[in-house]
Every structure is written in C-alpha cells, then in structure tokens.
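One structure below.
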Amino acid sequence: MKVPLLDLKLQYKEIKEEIEKKLPEIFESQMLVLGPEVEKLEKTLAEYSDCKYAVGVSSGTDALLMALMALDIGPGDEVIVPTYSFFATAGVVARLHAIPVFVDSEIQTFNIDPKLIEEKITPKTKAIIPVHLYGQAAGMEEILKIAGKHNIPVIEDAAQAIGTQYQDGRKAGSMGLMGCFSFYPTKNLGGFGDGGIITTNDEKLSIKLRQMRNHGMEPKYYHKFVGGNFRLDAIQAAVLNIKFPYLAKWHESRRNNAVKYNTQFIAKGLAEAEGIIRFNDKNRVLLPAAVYRSGGAENYHIYNQYIIRVNKRDELRKYLADNGIGSEIYYPVPFHRQECFESMIPSAEKFPVADMFAEETLALPIFPELTEEQIEYTVKTIADFIEK
Ligand SMILES: *Cc1c(COP(=O)(O)O)cnc(C)c1O
Numbered sequence: 001m002k003v004p005l006l007d008l009k010l011q012y013k014e015i016k017e018e019i020e021k022k023l024p025e026i027f028e029s030q031m032l033v034l035g036p037e038v039e040k041l042e043k044t045l046a047e048y049s050d051c052k053y054a055v056g057v058s059s060g061t062d063a064l065l066m067a068l069m070a071l072d073i074g075p076g077d078e079v080i081v082p083t084y085s086f087f088a089t090a091g092v093v094a095r096l097h098a099i100p101v102f103v104d105s106e107i108q109t110f111n112i113d114p115k116l117i118e119e120k121i122t123p124k125t126k127a128i129i130p131v132h133l134y135g136q137a138a139g140m141e142e143i144l145k146i147a148g149k150h151n152i153p154v155i156e157d158a159a160q161a162i163g164t165q166y167q168d169g170r171k172a173g174s175m176g177l178m179g180c181f182s183f184y185p186t187k188n189l190g191g192f193g194d195g196g197i198i199t200t201n202d203e204k205l206s207i208k209l210r211q212m213r214n215h216g217m218e219p220k221y222y223h224k225f226v227g228g229n230f231r232l233d234a235i236q237a238a239v240l241n242i243k244f245p246y247l248a249k250w251h252e253s254r255r256n257n258a259v260k261y262n263t264q265f266i267a268k269g270l271a272e273a274e275g276i277i278r279f280n281d282k283n284r285v286l287l288p289a290a291v292y293r294s295g296g297a298e299n300y301h302i303y304n305q306y307i308i309r310v311n312k313r314d315e316l317r318k319y320l321a322d323n324g325i326g327s328e329i330y331y332p333v334p335f336h337r338q339e340c341f342e343s344m345i346p347s348a349e350k351f352p353v354a355d356m357f358a359e360e361t362l363a364l365p366i367f368p369e370l371t372e373e374q375i376e377y378t379v380k381t382i383a384d385f386i387e388k
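With the working numbering applied, the sequence shown covers 1 to 388.
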C-alpha cells in the first residue's frame, strides 16, 4: 500500500468542475491582480476569523514582513519568536535588520513557551510573534497578558492555522494586533501558488497594509511611505473562494484522522493518551496533544500537521519510506542552530526542548482524503518497526 504524505490531486478532483468553470472567467476578464475575487476573499476570511479587516497579500512570509513594517520595526529592534518554527517567522525579522530573539518551546504543544517570554523582554522589544504551529493555537492567554503588561504588540503567525481556535473559542488571527496567514498549497486552505492574508481589528493598520501592498501608494503615484509589491493575484483568490466552503469539512476530516491515529496507537499499546508526556519509554510513540494542561479545555486543532515524537526517528522514517509511507521532519534545524542567525545568539543560551523536537518529531500523513486503511497500515508499520 502507498501512503503519500500529502496528495493534493485528490482535493483537486473534488473542486475541478468549479475551477474549470471559474478560471476562464478570470482569463476573459483580464483582471488579474487584486480586484473583486480578492475583495470577496478578504470579506469571507475577515468574517471567518472574527476580525473586522483582512488584506490579501502575496504570501504568508510577506504577510509577516508587512506586519513588522507596519509597526516600523527596523535596525536594532528586537522581536521575540519561537526558535522552533518554519524559517519565515524569524527570517522576516532579520530581513528588516531587526534582531530575532529566540524562545524555547513548550513540550506539550510544540508552541512557544509563554513562561520563557518575559525574561527575553528588553526596552528594545518591539513585537512578539507566537506561531500556532501545526494548526494549534499558542498559549495566547499568557502571551497576551505578558505583552499587555509591557505594552508590546503581538503578531500571530497563523500561517498553519486558518480556522484554528484557542481553547476559549477565539479564532487564530483575532487575538493579536495582526494575524498572518499563508495560502501556500500545503496549508489547510491552499491556492494554486503563493498567497497570504493579514487580519486585524485596527482600521488604521488595515488602511496602511492596503497601501503597503501597493508600494505605499495613495493616491496613484503618490507615496507616503515605502511598501512593496505584496499584492494577491485574482486567480489565487478565485481558487481560494472556491475552496473555502469545503474548509470546515476538510478540518473535520483531519481532526478525525488524528483521533484515528491516536486511538490506534493507544490500542496497540504504543502510546498513552494524547497530552500525557510524563512517561519516557524509549520504545513508544508520543502523540500530539490538543490541550495545554492535562484536564484543561481543548484547543480546536486543525492538524495542518500530525506530529508524533519517537526515538530512532530517522531510522523509522526510512523504514516507513521503504514501506511506501511518506513522512517529513518539521523542523530538523531550529533557528538557534541556523548559520544565518549565528551572530545573534549568546553562545551560552540553551534551547533543550527545541533541540529535542529536532531529533524526535515526525509528521505523518494527515490530509483529509486519507483512508482508514492507510491509517491502519501506517500505525501497523510503525508498530512493526518498534517491535522489530
Ligand atoms: C508556511 C509558513 C509561513 C510562510 O508562508 P508562505 O506563504 O510559504 O510564505 C510562515 N510561517 C509558518 C509557521 C509557516 O508554516
């Protein structure tokens, strides 16, 4: 049996008819950049994220970059980020010649550890970027409390988290000053290329972001500030508008797949209940948790990735590949070990949790169209490896 990590062709089949009807209309209109499809998408996603405004942009990376630019973050400023995330979270900070200040992760959820943030705050701290990694909200209550106390804006990196809810029901992108989303094809809502969106409840910021994506231009050929070309294509917006009505169903399928994995790992005696992190049995599988504290309220996790932690991870990955199962390592090198950030970290600083993740995490196939048989086969293959 073959189990790909992700098969977008199956999703395409579901929407193919609508796409083939819609895209020629865009071609005929020759309205290719911004325009009515982008406006429709912005309206839909502002509402979906419980925000007043949404600004369609060229990618998730550019969304983050623009959020920092909108706050005039530049040389010498510090921005607090988790050390364990996709590169863009820290890359955008460095691109503005500001300094990414790394924080270790929380063991249960892979997200930034709120308890370690305050000690990193200095008079130069200009923003905090929590990431809702893999589709699960970061510990926003504590993060917002610390940020509020020091009057520091919070930018949510919600690239993997469209529709994600924090345990109290608040939507990703609505809790901080701005929320940055990506429509990269592998995200839960993916375009046919690059795209992104920024959400906010701040009207002034929304206006600034709209100008910024078009070189800070308003009115035409008058520039109050320097922006960039961060515009979203009409074709991407049209595809996303077609996909959006399916999103809730796709989220639920991913969540069901996660439950199936968890149940089967537990039934096979390979794991304890999700969120239980106390055991340290070298021959077991640690399941992803959807809660911050055992017994606490659950986050609405959209499982952009389903991540287990295992011993002998690289050997397991090879064994899975040999048996036709795709898997991936997110992320093998935390920021504090990246060559490009070498000069930015005091050498004595340690990030033990992120280092452990880098050694132990493995993403298993979780896409909505995955079948029960494929999940069973994947769990069985992992069991065979562990018991081998
Ligand atoms: C995908 C991703 C981004 C960047 O989004 P792009 O659209 O690929 O530029 C940023 N942060 C995180 C956590 C991501 O997963």
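We put the beta carbon where it would ideally sit given N, CA and C, even for glycine. These numbers were taken from a predicted model, which means no experiment stands behind them.
Between the segment 248-266 and the segment 302-313, the count of Cβ pairs shorter than 8 angstroms is three or higher; the stretches touch. Distance from the CA atom of PHE244 to the CA atom of VAL103, rounded to whole angstroms, is 34 angstroms.
Within the model, the alpha-carbon separation for LYS52 versus GLU203 is close to 8 angstroms.
With three or more CB-CB distances shorter than 8 angstroms, the segment 25-43 counts as touching the segment 226-244. Contact annotation: ALA234 and LEU45 have beta-carbon atoms that are not nearer than 7 angstroms.
In this structure, VAL154 sits near ALA147, with a CB-CB distance shorter than 7 angstroms. Secondary structure of MET1 (DSSP, three-state): coil. Cα atoms of GLU369 and GLY190: separation of roughly 15 angstroms, rounded to the nearest angstrom. Less than 7 angstroms divides the Cβ of SER59 from the Cβ of ASP194. Looking only at ALA98, PRO82, TYR84, the smallest Cα-Cα distance to LEU71 is reached by ALA98.
Collapsing the DSSP output to three states places ARG337 in a helix. Under the criterion of beta carbons closer than 8 angstroms, TYR331 and ALA358 qualify as touching, at roughly 7 angstroms. The segment 218-232 and the segment 13-32 do not touch, with fewer than 3 CB-CB distances between them shorter than 8 angstroms.
In the displayed model, LEU370 falls within coil according to three-state DSSP, outside both helix and strand. Taking all protein chains in view, the Cβ of ILE207 is surrounded by fewer than 16 other Cβ atoms within 10 Å, so the residue is classified as exposed. About 7 angstroms separates the CB atoms of GLN167 and GLY296; that is less than 8 angstroms, so the two are in contact. Listed in chain order, the beta strand (DSSP E) elements of length 3 or more contained wholly in the segment 228-276 amount to none. Nearest to ALA90 by alpha-carbon distance, out of PRO130, GLY196, GLY56, GLY163, is PRO130. Excluding sequence positions up to five before and after MET178, its CB lies within less than 6 angstroms of the CB of ALA67, ILE155, ILE198, THR200, all in the same chain and listed in chain order.
The beta carbons of LEU144 and ASN111 sit no closer together than 7 angstroms.
Taking C-beta separations shorter than 8 angstroms and ignoring five residues to either side along the sequence, the partners of ALA383 in its chain run LYS268, LEU270, following chain order. For the 7 angstroms CB-CB criterion, PHE265 and VAL291 do not form a contact. In chain order, ASP104 place their CB closer than 8 angstroms to the CB of PRO352, counting only its own chain and leaving out the 5 sequence neighbours on each side.
DSSP lists no bridge partner for PRO288.
Distances between the C-beta of PHE86 and the heavy atoms of ligand 1 include at least one below 6 angstroms.
LYS318 sits in a helix when the DSSP states are folded into three classes. Looking at the backbone, the Cα of ARG337 and that of LEU6 are separated by about 28 angstroms.
Rounded to whole angstroms, GLU387 and SER253 show a C-alpha spacing of 30 angstroms. Taking a 10 Å sphere around the C-beta of MET69, we find 16 or more other C-beta atoms and assign the residue as buried.
Bridge partners of SER105 according to DSSP: ILE112.
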